[in-house]
Amino acid sequence: MAALLEVEKLAVWLTGARGRPAILQDVSFNVQPGEVLGVVGESGSGKSVLALSLMGLLPGTLSMSAGSVRLLGHELANQPREAWRTYRGRDIAMIFQEPMTSLNPVMRVGAQIAEVLRWRRGMSHAAAHRRAIELLEQVEISAAASRAGTYPHELSGGMRQRVMIAIALAASPKLLIADEPTTALDVTVQAQILRLLTDLQRTSGLSLILITHDLGVIAELAERVMVMYAGRIAEVAAVRTIFDDPVHPYTQALLASVPDMRHQRPRLATIPGTVPNLFAMPTGCRFAPRCPYRRDVCERQAPAIVALAERHDVGCLRPFGYPEPVSVTP
Ligand SMILES: Nc1ncnc2c1ncn2[C@@H]1O[C@H](COP(=O)(O)OP(=O)(O)O)[C@@H](O)[C@H]1O
Ligand SMILES: [Mg+2]
42 MAALLEVEKL AVWLTGARGR PAILQDVSFN VQPGEVLGVV GESGSGKSVL
92 ALSLMGLLPG TLSMSAGSVR LLGHELANQP REAWRTYRGR DIAMIFQEPM
142 TSLNPVMRVG AQIAEVLRWR RGMSHAAAHR RAIELLEQVE ISAAASRAGT
192 YPHELSGGMR QRVMIAIALA ASPKLLIADE PTTALDVTVQ AQILRLLTDL
242 QRTSGLSLIL ITHDLGVIAE LAERVMVMYA GRIAEVAAVR TIFDDPVHPY
292 TQALLASVPD MRHQRPRLAT IPGTVPNLFA MPTGCRFAPR CPYRRDVCER
342 QAPAIVALAE RHDVGCLRPF GYPEPVSVTP
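For the sequence shown, the working numbering gives the first residue as 42, with consecutive numbering after it.
(1) Under DSSP, the beta strand (DSSP E) around K50 begins and ends at which residues?
(2) Report yes if the C-beta of L98 is less than 7 Å from at least one heavy atom of ligand 1; otherwise report no.
(3) Measuring only from the beta carbon, is V68 closer than 7 Å to any heavy atom that is part of ligand 1?
(4) Sorry if obvious, but does the Cβ on D220 come closer than 7 Å to a heavy atom of ligand 2?
(5) Quick check: the Cα distance between M205 and L249, rounded to an integer number of angstroms?
(6) What residue range is occupied by the uninterrupted beta strand (DSSP E) comprising M269?
(7) Just to confirm, is the Cβ distance from F70 to I312 under 8 Å?
(8) Taking only the alpha-carbon atoms, compute the straight-line gap between L103 and Q120 and give it to the nearest angstrom.
(9) Closest to V258 by CA distance: which of G272, P333, V228 is it?
(10) Just mark P193 as buried or exposed, buried being the case when its beta carbon has 16 or more other beta carbons within 10 Å.
(11) Would you identify the three-state DSSP class for V77, choosing helix, strand or coil?
(12) Does any heavy atom of ligand 1 sit closer than 7 Å to the C-beta of G198?
(13) Are I283 and A209 touching if we call contact CB-CB under 8 Å?
(14) Return helix, strand or coil for F24, following the three-state DSSP convention.
(15) Are A207 and Q179 closer than 8 Å when you measure CB to CB?
(16) If you follow the alpha helix (DSSP H) that M96 is in, where does it begin and where does it stop?
(17) What is the rounded straight-line gap between the Cα of E175 and the Cα of V338?
(18) Here's a check: name, in chain order, each residue in its chain whose Cβ is nearer than 8 Å to the Cβ of R149, leaving out the five neighbours to either side.
(19) What is the chain-ordered set of residues for which the beta carbon lies under 6 Å from any non-hydrogen atom of ligand 1?
(20) Contact between the region 70-81 and the region 42-50: three or more CB pairs below 8 Å?
(21) Judging by CA-CA distance, which residue of P146, C326, R161, V147 is the nearest neighbour of R126?
(22) M200: which of L51, E139, E351 sits nearest, CA to CA?
(23) Throw me the rounded Cβ distance for the I234 and T223 pair, which I believe falls under 8 Å.
(24) For D354, which residues of its own chain have a beta-carbon under 6 Å away from its beta-carbon, when the five flanking residues on both sides are left out?
(25) So, L247 versus L262, is the Cβ gap smaller than 8 Å?
(26) Given a threshold of 16 other Cβ atoms within 10 Å of its Cβ, counted over all protein chains shown, does D285 qualify as buried or as exposed?
(27) Opposite R161 in the DSSP bridges: which residues?
(28) Is it right to say R236 is buried, meaning 16 or more other beta carbons lie within 10 angstroms of its own, or is it exposed?
(29) When you compare only the Cα positions, how much space is there between T79 and G151?
(30) Where does R352 land, buried or exposed, given buried means 16+ other C-beta within 10 angstroms?
(31) Give the straight-line distance between the Cα atoms of M96 and W54, rounded to the nearest whole angstrom.
(32) At a Cβ threshold of 8 Å, is G362 touching chain D?
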């Protein structure tokens, strides 16, 4: 089956600083129709910048280039930002961490959903309003007809996030990107929203890129996982492979840093050090300074992303279980 989204060698850098260490570098991956791809990595690893790149929503202070960004067979790489307008909101939609920043505070929530339907679906005013109420019901908002007439500030954080999901789903996108969609919510509401999101994903068959730093969420909801570190891909594989047989030292460290879910031990080891600053980026592998297995070569040469097996990619010169260097970037 053709991929829904295919990204090759995506790079993002500070505008005017091309050639200097990039915020995203050599990012290549794909999303299959109907799958949930989890994206994990510590804060600052480039997850949000990746989401904005895919939406064509990078701020002017950042620039991007790519070998390819194919969405539904359309090549968007190196197109002006306007090229995304045709697809954004219609084929590809996004849910942000803080719904208040993306909802219009002075517009009733029903009208905000209806606006998307009129613009993207060409619906009449009345039809859009009716459909908006259906969408509010679909995201499990009770008394949807009266809630449609409220303003965002009258709703709880969880309700606002439900409204955001309704807006994102209004135009029936093929791909939904959820960037830490529940981080601002309390734990029970988080679970409800995530369940809702994946239920909707399954029933409508859309693809979901689920960005989170919560490995528990990934374990439960993702089919494949992409682990990012300092703007590069560390490892991409099926969720089971990532949890049971990770080969990248960073993936292993990330897993070791969470409390052991099976044994319920409150073991909170942390990975020594922090994600390097853009202006102090190591010249070789970006993880080398924190890597317990680093060799001299790791400090000199950046690893390329290589396929170790069918659907298992890794960006490491010495992945676990592979005694010889696997690949270096030219
Ligand atoms: N608008 C911006 N201008 C300059 N640097 C940015 C901008 N947005 C993000 N960055 C930098 O890019 C890196 C990745 O950020 P981000 O994608 O927000 O990480 P994550 O979402 O994984 O926590 C960070 O070093 C951050 O400081
Ligand atoms: Mg982020």
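Glycine residues also receive a C-beta, built at the ideal position from the N, C-alpha and C atoms. Just so it is clear, the structure is predicted and the values come from calculations on it, not from any experiment.
In brief:
(1) By one-based count along the sequence shown, residue 50 stands at place 9. 46-55 is the extent of the beta strand (DSSP E) around K50.
(2) Walking along the sequence shown from the start, residue 98 turns up at place 57. No, since every heavy atom of ligand 1 falls outside the 7 Å radius drawn around the Cβ of L98.
(3) Mapped onto the sequence shown, residue 68 falls at position 27. No, Cβ of V68 sits at least 7 Å from all heavy atoms of ligand 1.
(4) Taking the sequence shown and counting its residues from 1, the one referred to as residue 220 is at position 179. It does: the Cβ of D220 is within 7 Å (strictly closer) of some heavy atom of ligand 2.
(5) Numbered from its first residue, the sequence shown carries residue 205 at position 164. Numbered from its first residue, the sequence shown carries residue 249 at position 208. Rounded to whole angstroms, M205 to L249 spans 15 Å at the Cα level.
(6) As a position in the sequence shown, residue 269 is number 228, starting the count at 1. Taken as a continuous stretch (DSSP letters only), the beta strand (DSSP E) holding M269 covers 265-270.
(7) Here residue 70 refers to the residue found at position 29 of the sequence shown. Here residue 312 refers to the residue found at position 271 of the sequence shown. The criterion of a C-beta distance shorter than 8 Å is not satisfied by F70 and I312.
(8) Here the question's residue 103 lines up with position 62 in the sequence shown. Here the question's residue 120 lines up with position 79 in the sequence shown. Roughly 15 Å separates the two Cα atoms.
(9) The residue given as residue 258 occupies position 217 in the sequence shown. Distance from the Cα of V258 is smallest, within the candidate group G272, P333, V228, for V228.
(10) For the purposes of this step, residue 193 is taken as the residue at position 152 of the sequence shown. Burial call: buried.
(11) Along the sequence shown, one-based indexing puts residue 77 at 36. Strand.
(12) The residue labelled residue 198 in the question sits at position 157 within the sequence shown. No, the beta carbon of G198 sits no closer than 7 Å to any heavy atom of ligand 1.
(13) Stepping through the sequence shown from its first residue, residue 283 is reached at position 242. Stepping through the sequence shown from its first residue, residue 209 is reached at position 168. It is not a contact, given that the beta carbons lie outside the stated cut-off.
(14) What the structure shows of the chain is the stretch from 42 to 371, and residue 24 is not part of that stretch, so it cannot be assessed.
(15) What you label residue 207 is simply residue 166 of the sequence shown in a count that begins at 1. What you label residue 179 is simply residue 138 of the sequence shown in a count that begins at 1. Yes, these two residues count as a Cβ contact at 8 Å.
(16) Here residue 96 is taken as the residue at index 55 of the sequence shown, counted from 1. Per DSSP, M96 belongs to the alpha helix (DSSP H) from 88-96.
(17) Counting from one through the sequence shown, the residue named residue 175 turns up at place 134. Counting from one through the sequence shown, the residue named residue 338 turns up at place 297. In a straight line, the C-alpha of E175 is about 58 Å away from that of V338.
(18) As a first step, residue 149 is located in the sequence shown; it is residue number 108 there, counting from the start. Closer than 8 Å at Cβ, skipping near neighbours: A189, G190, T191, Y192.
(19) My final list is L55, I64, G82, S84, G85, S86, G87, K88, S89, V90, P100, T102, L103, L319.
(20) yes
(21) For this step, residue 126 is matched to residue 85 along the sequence shown. Cα-wise, what sits closest to R126 is R161.
(22) Position 159 of the sequence shown, counted from the start, is the residue given in the question as residue 200. It is E139 whose Cα lies nearest to the Cα of M200.
(23) If you number the sequence shown from 1, residue 234 lands on position 193. If you number the sequence shown from 1, residue 223 lands on position 182. Separation of the CB atoms of I234 and T223 is rounded to 5 Å, and the pair is thereby assigned contact status at 8 Å.
(24) Along the sequence shown, one-based indexing puts residue 354 at 313. Excluding sequence neighbours, D354 sits near V277, I346, A348.
(25) Your numbering for residue 247 matches position 206 in the sequence shown. Your numbering for residue 262 matches position 221 in the sequence shown. No, Cβ-Cβ distance for L247 and L262 is not below 8 Å.
(26) Sequence index remark: in the sequence shown, residue 285 carries index 244 (1-based). The residue is exposed, with fewer than 16 neighbouring Cβ atoms inside 10 Å.
(27) Within the sequence shown, residue 161 is the residue found at index 120, counting from 1. None; R161 has no bridge partner.
(28) Taking the first residue of the sequence shown as 1, we reach residue 236 at position 195. The residue in question, R236, is exposed, as its Cβ has fewer than 16 Cβ neighbours within 10 Å.
(29) Working through the sequence shown from its first residue, we reach residue 79 at position 38. Working through the sequence shown from its first residue, we reach residue 151 at position 110. It is Gly, not Thr, that sits at residue 79 in the sequence shown. One C-alpha to the other measures close to 30 Å.
(30) Against the sequence shown, residue 352 aligns to sequence position 311. Under this definition R352 is an exposed residue.
(31) On the sequence shown, position 55 is the one that residue 96 refers to. On the sequence shown, position 13 is the one that residue 54 refers to. Distance between the alpha carbons of M96 and W54 is about 16 Å.
(32) Among the chains of the structure shown, chain D does not appear; only one protein chain is present.
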